[in-house]
Each structure stands twice: as structure tokens, then as C-alpha cells.
Amino acid sequence: MSRAEKLRRWLEKELGGNLISAETPFPGRLFIDLKREALTAAASGLMNQGARYQMGIGYDARKDGRGFGLVHTFAFDRDSLLVALRTFAPGDNPEFDSLTPFIPGAGWSEREYQDLLGLKFRNLSDRKRLVLSDDWPEGIYPLRREVPHDLMPPAAEEVAFRLEEAPPGTSIIPFGPFHASLHEPAHFSVYVDGEDIKGCEYRGFMTHRGIEKLAQTELTYNDVPFVAERICGICGSVHAVNYAQAVEAAAGISIPRRAEFIRMVALELERLHSHLLWLGVAGHLIGFDTVFMQAWRIREKIMWLAERLTGNRKTYGLVIIGGVRRDINRESSRDIRSTLEEVDREMQALEKAILKDRTIHRRTRGVGYLSKEETVKWNLVGPVARARGLKIDARRDHPYAAYDEVEFEVPVADSGDVWGTLVVRVKEVYEAIKIINQCLDRLEKLSKNEPLAVELEGPIPAGRQGLSLVEAPRGEAVHFVLTGNENRPERWRVRAPTYPNLQAVPSMLLNNKLADFPIIVGQIDPCISCTDRVLVVENRSGKARLLSRQELENISRAKRSGR
Amino acid sequence: MWLWNKIKQLAISFKAGVVTLRYPFEPRPAPEGFRGQPLWDHAKCIGCAGCASHCPARTIFLRDICQELRILLYDSSRCTYCGRCADLCPEKAITMSDRFELATDNRQDITQTIELFMMTCQRCGRCYDLEIKNYIDRLSALGYRYDCLEARKVIRRSTAEFSPDELEKTVTYERPGRLEK
Ligand code: SF4
Ligand code: SF4
């Protein structure tokens, strides 16, 4: 019996009348509708069976008379199964049970919808604003249907961030919103005792661009990929492919084989240049600029290759719903092969020259340590999780496109520190090259006449759910699409890999030296803009508190006694 | 060990040498297939508005003047060079050029405008295309110029509604978190 079938039976038994429906519209997904009262029971049951929490999605369904919808998604990585729990609350009383008592990583999602939709969560310990700026008027919830996407309430003067006081015996060192070691705006107020970091408070969400709201009010299905790829400056195709996959899954469209392989080539090229970029940045952050210069020199070859392949230095403008827009013919495939050969050779030389260098070891080993238990608790993803002994990779666990037909390794390390993430990323560079070469082999064998994209037959039916995963260079990115009328999605939710990873940064920082702050934050390769993507508003300010002082102290104590 | 690594790093750096390009002192043409600034061919455009309603950045504007003149304005400042407009134009009036050096202090340098002489529909009063002619000749023959596009209009297909009461609230609300004096 498959896991989906087992889960369905278990839910029927456990929830009885509270279970409304459980469907598997396409393999690997289980969409469950339940009554509001049963949410906690179902979610904790899933967690007890080994699920990994992904994200929450809130949406406004008052138009159909269903009030507010809340979806929580969970992954069963061993069984290639994603589960979405959907509940509704009436429009005049949008209150749900919070999942934070047993899933701390759900806190951000819940606070996001507290801000954006005015949902209320029982037992949510931290009710501070997460996404909206401090001067945003109370009682206006930007993701609600009646609020236009370009609403701009007048800015308020004299509104200040309310950062916590430093715990006794420590003083505060502010990092950001603009800081030489942060490449995007974010604020860390770091508590230090001498040189040792004793905690930190994070405030982010300063780069809202209103992309999700735009998609549900202004754009059409095929406009969204071109906006989605601009969520991130590095992994553009990741978001475009991910969105397209979610819509295709919801609408039951299957795309040509050729398009699948071309998408994979684009995705892996992105992984290549992203990891090389990270290697360079990491070298720069620890003051080892030879790595920075040489890694970026190698990376530049890939950027130029992307320019020749897709018409843009970044792999932009490649994906539409139903396929891709540009072909990879024999000539460009030869071009890719010769470039990759060069990259491979130079990368190996660079690796040999630096991986044994004392400078790197001294600055990365034992720095930013996080135990495997903490990693699981905070639902970390990507190289950050793999460096902590967690073998999860969406390409292997939930194969999309044609990843089940190519061979590759999922490198893991168990040192749990910055060094581990470095090793994992360097190994993944070679795996990406391997995957691209296999894709090219397959592409060359496919008939040339196959179309690059399928013609859509008629409109995409409304009211269907699609859930898609793509393993971005930084970890798993999740997109949820609820199809709607008028040729545009009713709700589109993006969860970038930095969203869960950033939540664990305060734990990683604990008891490290202040000088290591940049590389510890840098190890997750934070992509602040992807994380902040959602909003509606002009960015003015944003405030988020990740851990209360008490929580921090608890973690800190636990760690001291644990190690 | 340490020294050996440093020697290897030196070797790599020397072998690569200086890779900085002499750009902009030496021109650097874009590769084939590059998507630069889209260019409009006035003679081919029939004013169907296909490009304007499918541009993901919504940076192509269309406006009808006096039921006879349709103005198409392309404002490059928000263009993402995705090439959707060129893909969708039924008359192939748009080509993606290889121009990429578009930095300017005058927005007019990167803006393109087409003025199309249309016919007025007797039923609905909206304008539609004449038979294919050379519009530019036609327009100048008429002595027509229209340079002020301040009142340009986006093609809006928004479903968002917003009541005046809600808007009122945003002006009069109590600001949270004021600094105590
Ligand atoms: S290239 Fe893309 S963004 Fe630019 S005008 Fe054409 S459709 Fe719009
Ligand atoms: S450029 Fe092409 S798509 Fe745009 S209005 Fe003219 S004919 Fe139509």
C-alpha cells in the first residue's frame, strides 16, 4: 500500500467526520480538505509520521462564500509525496489553531497571513508584525481581494523599529539594513558579550515587491513566468519552471520531452553559476580574495554561455506554460559541452589549490555549527541541511522534469558547520556538470521536429490546486498555485529556500565569534529578495522578531549543556 | 603544505592572467540570439494592441486620440527585454535588436512612439486600422503631430476593487508605534 493510501486511511480513521475529502489528482500529491477543528490533530499526526513541514498558504475565498482558506503543506521525502491540508474559516471569524507549538518553523507563515490577510492564530506565541512595515495602517490587509495592488497609504513619520533590549550583560552591534557583508537589505541586531555572540534579533522583509498580489490581480497565466523569474537574481529559471510546473500539474498539461530536458539544462546551469558565486563570496567574506577572483572568473564563462543560449546573461525568458521558448540545437549543445569541459578542468585545479588551504579550514571548521536535530526542527533545506547530514534533495526525492532519468549523487557532509556547506557545494558543481551532459545526450537523440511547447487547449480550469518543487541552488523552492478565472491564478504562493533557512540563523550564530558573523549568515547563501517576495506595498520598513529572548536563552542553554 | 597550496594558487592566477575586458574602449558586440531593445517597424504595425496587452512589464501603452489616431508608446525604462511582444505580434512588426547600451539621462532617447491613422467604427466609435498604407507619409500629409503623451493610459485588466470607505480609512488611521517623546 502506498504512503498516500495509508495516510488517507489513517486520516479517515483519526478524523472521522472532520475529513471532507482527500484526493490524489496526480501522482505524488495528496490534497486534503478538513474542517477547521481538525487541523492541529491532522498536522501533528503527519509530523509524527515523519513529515517535513514546508509552508503555509493563506488566501481570500470570500468571493465563493468560503471565507478564508489556509493550506499547510508537508513533504514525505522518502515516499515522494507532498501533502496539502486545506481548511477554511468564515470571513467574519478567521481564526485558526497555530501549529507553532509543535512546528516552530510554521511561525513565519502564520505571522505572514496575520499581516496580509488578517487571519488570527490561537496559541501563536509571537504575534509581532513580520511582513508589513511598521507604519502600515492597522486593519488593512493587502492580500484581501478588496485592496488594490497599488494602494499606497501615506507614509508615517516618526515611526521607529522596536528592537528588543539587549539581554543583561551583553551589548548590541547592529548589522544592516545596509552593511558591507550583507548583499541585500536585512537587519540583524546582534547581542555580544565581548567577542562572543549571545543571540540576535532579525528584522527583514524590506524588499517587498508585491509579486503575488500582482499575479492575482493584473497578470495573466503566461505573464507570470516572466515576473516570477525576477523574484531572484540568481535562480530565475527555478521560479519560472516551478510556477509553470505548478500550473501544468493543476491543469493536467504534459509538456514535450524536449522542453523537459531544456528546462533541466537551464536549472543546472543556474546551480553551477550560483555555487561558484557563493564560493567566491564565501572566500571574500573570510578575506581570501584569491578564491573570490578565480571562482568568479570561472563563473563568467557560464554567464556568457547562458547569454548565448537564452538571449540573456541570466537564464531569463526561457520558460512558458507548456514548455520552453528556445531550442538547444546541436551547435549550442557542442558549445555547452566545450564550455563545461573548461569549467570542470579549472574547477578541479581551483579545488586542489584551496581545499587544503589552512586559511579556509581555520575560518570555516566548527563555525556556525547546528546539530542535526535542530536542522530537522527548523525544516532546513538545501546544502545547509545536507551539510548537517540530512540527505534531502527535491531532485531525487520528488523528481520533476526528467530528473528520474539522469544519474547523479546527492553529496552530504556531517560536520554541521560552514566547512560542510562548502564541501557540499563544491561537489554539487561536478554533479551539475554531469547532469547537463546527460541531458545533452538525450536531447541529441530526440527528434528535432518535436515542438518546444504544447498548444493549450482551451482555458485552464478554475479551482484546481497545483503544488510543485524545484531544487534551487540554495535548497528546495515550493510553489503553490490555485487556478482561477479570467486567465489568471487565484492564488500563487512562493516559498524560497531562504525562508526556512533564515529562521535558523540565530541558532547558528549562538556562541560564535563576532568576526564570523558574515560567513555564518553567508553560509545559507541568503537570498533576501526571494524571501521577501510577497508583498503589495512600497518597501518602507519591516519588522520581524525571530526568537524571543526567553527562547534564545533556552536554546543557548540547551546547547551549552548538550555539547 | 601551506606553501605548496599558495604556489598552486599563484600558478592558477598567473595562468589566467588579466581577464578584464577593455570595454567600453573596445566594442563588445552581443552574441547571436541576444535579446536587446525591441524595435518597432512603423510600416508593419496595424495597431492591434497585442503587444501592449501581453507585455509582462506592462510598459507598452496605447491610447486613442479623437477616434482617428492611435498612439502606441513603448517606454523602455521598465522593459525587461523578454521578447514576448516580438513573439506575439501578428505582423512581425517588432524585432529584438542587439542594442544594450541604453543608459541615458533622457528618457526620450529610449522611448519609441508610433502614431497610427485609424478609421472610426460607426457602431462603437473605437478606431480600427485603415488598409495597409504608409502611415508616416499619411500623417505628415495631414500635418498631424501629437507629442504630449502625459495623459497616457495603461491597458488595465485588474480585478481588484476597492471601496471609497476603505480608502478613507487609510488617510485617517491611527499610526502604530509612534515614538514617545
Ligand atoms: S520585451 Fe518584454 S517587457 Fe519589453 S516591451 Fe516587449 S514584452 Fe514588454
Ligand atoms: S506592434 Fe504588432 S502587436 Fe503591437 S500593435 Fe502593432 S501589430 Fe499589434
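Chains as they are written, first to last, in our numbering: chain H, 6 to 568; chain R, 94 to 274. Built from N, CA and C at the ideal position, the CB exists for glycine as well.
For Ser251(R), three-class secondary structure by DSSP: With a pLDDT of only 42 at Ser251(R), under the threshold of 50, the placement of this residue in the model should not be trusted; the figure read from the coordinates follows. Reduced to three states, the DSSP call for Ser251(R) is coil.
Assuming Asp530(H) contacts Glu476(H) (C-beta within less than 8 Å), just tell me the rounded distance between them. About 14 Å; that fails the 8 Å criterion.
Could you name the residues of the same chain whose beta carbon sits closer than 6 Å to that of Ile62(H), not counting the 5 residues immediately before and after it, in chain order? Val76, Phe485, Arg498
Would you mind working out which of Ala245(H), Arg479(H), Arg393(H) sits nearest Glu378(H), comparing C-alpha positions? Arg393(H)
Strictly by DSSP, which residues pair up with Trp424(H)? Per DSSP, none; premise fails for Trp424(H).
Between Leu20(H) and chain R, is there a C-beta pair that is closer than 8 Å? no
Please name the residue or residues paired with Gln205(R) in a DSSP beta bridge. Tyr167(R)
On the three-state DSSP scale, how would you describe Lys226(R)? Legend: pLDDT at Lys226(R) = 48, less than 50; position of this residue unreliable, value from coordinates given subsequently. Correct three-state label for Lys226(R): coil.
Stretch pair the region 235-252 of chain H + the region 505-521 of chain H: three plus CB contacts closer than 8 Å: no
I'd like the list of long-range same chain contacts for Ala244(R), defined as Cβ closer than 6 Å, with 5 residues on each side in sequence excluded. Note on Ala244(R): pLDDT 31, under 50, position unreliable in the model; the coordinate value appears next. Hits under 6 Å: none found.
Leaving out five residues on either side along the sequence, give the residues of the same chain with a beta carbon under 6 Å from the beta carbon of Ile178(H). Val195, Val197
Closest to Asn98(H) by C-alpha separation, out of Gly123(H), Ala354(H), Asp82(H), would be which residue? Gly123(H)
Sort Tyr64(H), Val415(H), Gly70(H), Thr78(H) by Cα distance to Leu51(H) and report the nearest one. Thr78(H)
Measure the beta-carbon distance from Gln250(H) to Val423(H) and round it to whole angstroms, keeping in mind my assumption that it falls under 8 Å. No, Gln250(H) and Val423(H) are not in contact; Cβ-Cβ is about 32 Å, not under 8 Å.
Cβ of Cys138(R) versus every heavy atom of ligand 2: is any distance shorter than 7 Å? yes
Could you tell me whether any non-hydrogen atom of ligand 1 is closer than 7 Å to the CB of Thr315(H)? no
Whole alpha helix (DSSP H) elements within the region 91-134 of chain H, 4-residue minimum: 112-121
Flag this pair as yes or no: are the beta carbons of Leu461(H) and Arg263(H) separated by less than 8 Å? no
According to the Cβ coordinates, are Pro478(H) and Arg302(H) closer than 8 Å? no
Continuous alpha helix (DSSP H) stretch holding Glu161(R): start and end: No alpha helix (DSSP H) holds Glu161(R); DSSP gives it neither H nor E.
How far does the beta strand (DSSP E) with Arg62(H) in it reach, from first residue to last? This sequence places Ile at residue 62(H); Arg is not what is there. Where Ile62(H) is concerned, the enclosing beta strand (DSSP E) stretches over 57-65.
Between Leu20(H) and Ala56(H), how many whole angstroms is the CB-CB distance? I'm expecting something under 8 Å. That belief does not hold up - the Cβ atoms of Leu20(H) and Ala56(H) are roughly 16 Å apart, past 8 Å.
Tell me the DSSP secondary structure of Thr78(H) in three-state form. strand
What are the start and end residues of the alpha helix (DSSP H) that includes Pro388(H)? 387-391
Compare the beta carbon distance of Tyr58(H) and Asn384(H) with 8 Å and say whether it is the shorter of the two. yes
Along the region 240-274 of chain H, what residues have a CB closer than 8 Å to any CB found in chain R? none
At a Cβ threshold of 8 Å, is Cys175(R) touching chain H? yes
With a Cβ-Cβ cutoff of 8 Å, do Asn506(H) and Val386(H) count as a contact? yes
Answer yes or no: does any C-beta atom of chain H fall closer than 8 Å to that of Ala179(R)? no
Under 7 Å between beta-carbons, which chain H residues line up against Arg128(R)? List them in chain order, please. Gly316, Asn317, Gly322
So for Arg238(R), helix, strand or coil by DSSP? A caution first: Arg238(R) carries a pLDDT of 41, below 50, which makes its placement in the model unreliable, though a value can still be read off. DSSP places Arg238(R) in coil when its eight states are reduced to three.
Would Pro388(H) pass as a contact of Arg430(H) if the rule is Cβ separation under 8 Å? yes
Going by DSSP in three states, Tyr146(H) sits in which element: helix, strand or coil? coil
Leu5(H) versus Arg8(H), Leu35(H), Tyr64(H), residue with shortest Cα-Cα distance: Outside the displayed range of chain H (6 to 568) lies residue 5(H), so it cannot be described from this structure.
Between which residues of its own chain and Leu282(H) is the CB-CB distance below 8 Å, once the five residues before and five after are set aside? Ile239, Ala300, Trp301, Arg304
Proximity winner among Val329(H), Asn442(H), Gly292(H), relative to Ile260(H) (alpha-carbon distances): Val329(H)
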